[in-house]
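One structure is given below, encoded as structure tokens.
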DNA sequence: CAGTGAGCGAGCTTCCGCTTGACTT
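Residue numbers (my numbering): 107 to 780.
This is the structure:
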């Protein structure tokens with residue numbers, strides 16, 4: 107008698123909470139969303155099909171959605187109904203964010219409870235937080251539900267209206283969406299930069315001095331700074347700044363030889379304190395980044411392993427945008443740091459990390475070891491497999507480090523001067539860091555995408571101004587500038603997260619989507635765009651510019667907040683997006699009347715910098731068009747590898763093999779395009 | 001009667017975000 111049904115989203119969470127609540131409570135889980143818009147018209151009953159059409163939204167009647175319960179969810183719902191029949195109260199404990207609020211609302215709509223319904227929310231799974239949540243229940247926030255529904259409908263309209271444009275103008279089966287199209291655009295833009303990149307060569311001198319056999323580089327010649335990589339314009343390879351000296355190989359060799367009899371003396375010693383703070387505890391995006399750098403896990407692997415750790419009670423929830431630790435977690439971390447490293451490593455006050463991300467909803471804690479006392483990885487060696495243990499180790503170390511003291515030390519910068527045989531003044535520079543107190547570094551060193559010399563710990567000898575040093579070795583050293591690196595899984599996720607695009611639950615899925623659609627392929631860890639991606643991005647940039655603007659989602663989020671606050675009407679907002687107003691044509695117009703304005707041949711033509719040839723994307727894939735001739739392109743060719751030289755080679759290859767050579771004035775590949 | 005081919009019409013592709021199995025490889 108008198109039992110309450112508590113519904114959460116995750117079955118694992120239900121199990122945990124059941125332990126904190128007494129026998130008066132029955133736990134159920136929705137296993138995520140329980141209803142959604144139909145994915146195709148045939149999922150809508152025939153009688154409703156005319157009204158809701160293929161969109162599942164009645165665009166003429168207040169953008170009313172038609173929701174369907176998918177077959178896989180029928181069982182979940184019947185189980186919840188069974189529990190509800192025996193309960194005399196329903197507590198909706200879905201996550202406290204936009205999606206969680208909507209799930210709660212859908213549950214009420216579908217379960218049609220006859221007993222009182224209350225909404226309860228908590229952001230951490232501790233006994234205190236849950237009992238407090240029981241005392242502070244509220245009603246469902248209908249405005250927040252409105253905001254979620256608006257988001258859902260916007261994504262449906264965008265995805266289901268723009269994708270067919272791509273089928274008509276590029277190739278069947280393609281897709282566009284608020285998230286995937288921006289992700290694809292980022293990857294394409296980076297490749298365009300690489301294609302436009304012109305390398306520059308520059309030289310300097312690398313000296314080794316005694317005492318200490320330390321290395322120093324030539325930094326100035328007659329008072330002018332020696333050019334480094336960052337001084338060159340990426341698209342021209344030209345020097346950006348005029349007061350800078352660029353050395354070529356000959357000059358570097360001459361300079362080197364002119365120092366044979368020179369004396370070298372310390373000109374300056376600059377000592378600065380070094381201090382470095384630990385990074386915040388993990389959220390989904392940073393966990394994916396570090397697991398990629400340190401464990402070489404894909405985003406998908408990281409999430410799969412984290413899911414297992416979460417379900418077995420080793421870590422807290424892994425899909426989160428929050429870096430907050432609960433009070434009990436802070437205490438656990440501080441206690442363990444004191445035990446393992448000593449009191450010196452515990453800061454006077456717990457460290458607090460602010461909101462790290464745009465559009466964070468912070469419905470959960472940071473990702474950390476579960477429980478009120480953290481188990482060490484060593485204690486778990488027998489129960490976890492290799493991948494699980496490695497990921498747990500990462501989470502555990504990062505959590506402890508986040509509650510440890512700063513690393514402290516000294517940075518020393520040296521300048522060493524000499525005069526060449528030709529009377530030129532040369533200055534060499536070296537810097538080193540000595541860490542005197544390791545602080546958080548004792549537990550955890552953040553990974554890097556590309557290791558650099560600067561942040562290596564390097565010890566320089568104690569030297570005084572005026573002191574002479576001996577030249578042990580002197581080598582001219584050549585460098586060339588490199589194009590911006592391609593995105594990898596974690597760097598693309600970071601770029602999206604920075605712009606508030608996508609959610610923790612979707613980061614890994616976004617990567618699969620753009621790969622599955624044939625927009626991106628992986629070469630090692632690098633994400634390489636296909637020529638089809640270039641076509642799609644061309645089309646979207648030229649004809650749906652505002653939709654692929656990098657700030658589109660941020661603006662949407664801002665508007666959804668206004669809807670949630672009751673400052674903006676849902677229908678007005680959707681009306682404007684879809685049907686437009688003053689000057690803005692709206693999406694509907696762009697995908698219907700304006701369709702003829704999209705020149706398929708133009709968007710499917712990709713110019714090759716420095717070459718007369720163009721790549722065209724046809725129904726059967728990309729090919730090269732050059733001098734009225736066509737040549738097919740190898741499927742694994744990266745766009746930036748299509749240099750003018752490679753174009754010649756491919757064109758020649760096509761000529762040599764008459765069977766694969768074809769003329770441009772016959773056999774149209776695609777009626778729309780040619 | 002069997003095989004071929006032209007012509008026509010119908011159906012399909014697609015979004016984001018929440019959560020796990022159930023499934024195959």
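Even for Gly, the Cβ is constructed at its ideal location relative to N, Cα and C.
Bridge-paired residues (DSSP) for residue i
i: residue 628; result: 633
i: residue 687; result: 690
i: residue 382; result: 513
i: residue 469; result: In the DSSP output, where bridge partners are listed per residue, residue 469 has none listed.
i: residue 585; result: 308
i: residue 535; result: 323, 521
i: residue 269; result: In DSSP, residue 269 forms no bridge with anything.
i: residue 475; result: 421
i: residue 577; result: 315
i: residue 737; result: 730
i: residue 261; result: Beta-bridge pairing links residue 261 to no other residue.
i: residue 722; result: 711, 729
i: residue 131; result: 110
i: residue 171; result: 163
i: residue 142; result: 174
Expected contact under 8 Å - CB spacing of residue i and residue j to nearest Å
i: residue 471; j: residue 432; result: 6 Å
i: residue 209; j: residue 115; result: 6 Å
i: residue 287; j: residue 646; result: 6 Å
i: residue 524; j: residue 459; result: No, residue 524 and residue 459 are not in contact; Cβ-Cβ is about 48 Å, not under 8 Å.
i: residue 425; j: residue 610; result: 4 Å
i: residue 584; j: residue 309; result: 5 Å
i: residue 493; j: residue 411; result: 5 Å
i: residue 326; j: residue 574; result: Not quite, the Cβ-Cβ distance comes to about 19 Å (not below 8 Å), so this is no contact.
i: residue 486; j: residue 497; result: So it is not a contact: roughly 11 Å between Cβ atoms.
i: residue 508; j: residue 457; result: 6 Å
Residue i burial status per 10 Å Cβ neighbour count (16 or more: buried)
i: residue 342; result: exposed
i: residue 586; result: exposed
i: residue 590; result: exposed
i: residue 119; result: buried
i: residue 348; result: exposed
i: residue 446; result: exposed
i: residue 330; result: exposed
i: residue 772; result: Interpretation of residue 772 is limited by its pLDDT of 37, a score under 50 that renders its predicted location unreliable; the figure taken from the coordinates is listed afterwards. With fewer than 16 other Cβ atoms within 10 Å, it is exposed.
i: residue 203; result: buried
i: residue 664; result: exposed
i: residue 502; result: buried
i: residue 758; result: exposed
i: residue 623; result: buried
i: residue 112; result: buried
i: residue 123; result: buried
i: residue 465; result: buried
i: residue 181; result: exposed
i: residue 275; result: buried
i: residue 736; result: buried
i: residue 461; result: exposed
Contacts around residue i, its chain only, beta-carbon distance under 6 Å, and the 5 residues preceding and following it disregarded
i: residue 362; result: 311, 580, 582
i: residue 731; result: 720, 722
i: residue 175; result: 141
i: residue 200; result: 115, 206, 209, 210
i: residue 453; result: 511
i: residue 383; result: 512
i: residue 117; result: 135
i: residue 339; result: 346
Nonlocal neighbours in the same chain, by C-beta distance under 8 Å from residue i, ignoring five residues either side
i: residue 169; result: 163, 259, 676, 677, 680, 681, 684
i: residue 776; result: With a pLDDT of only 37 at residue 776, under the threshold of 50, the placement of this residue in the model should not be trusted, and no figure is reported.
i: residue 374; result: 519, 520, 521, 571
i: residue 670; result: 204, 247, 249, 250, 252, 253
i: residue 765; result: Caution applies to residue 765, whose pLDDT of 43 falls short of 50 and renders its modelled position unreliable; the model cannot decide the point.
i: residue 399; result: 553, 554, 555, 596
i: residue 187; result: 217
Residues near residue i in its chain [Cβ-Cβ closer than 7 Å; skip 5 each side]
i: residue 332; result: 310, 324, 325, 326, 351, 353
i: residue 126; result: 233, 236
i: residue 240; result: 226
Handout entry: the segment 223–232 touching the segment 240–247, judged by at least three CB pairs closer than 8 Å
Key = yes
Problem - Meets three-Cβ-pair contact criterion under 8 Å: the segment 387–406 and the segment 593–608 - result: yes
Problem - Three CB pairs or more closer than 8 Å across the segment 289–307 and the segment 624–642 - result: yes
Practice task
Report yes or no: do the segment 403–420 and the segment 464–484 share at least 3 C-beta pairs separated by less than 8 Å?
Solution key: yes
Problem - Cβ contact check for the segment 229–236 and the segment 151–163: 3 or more pairs under 8 Å - result: no
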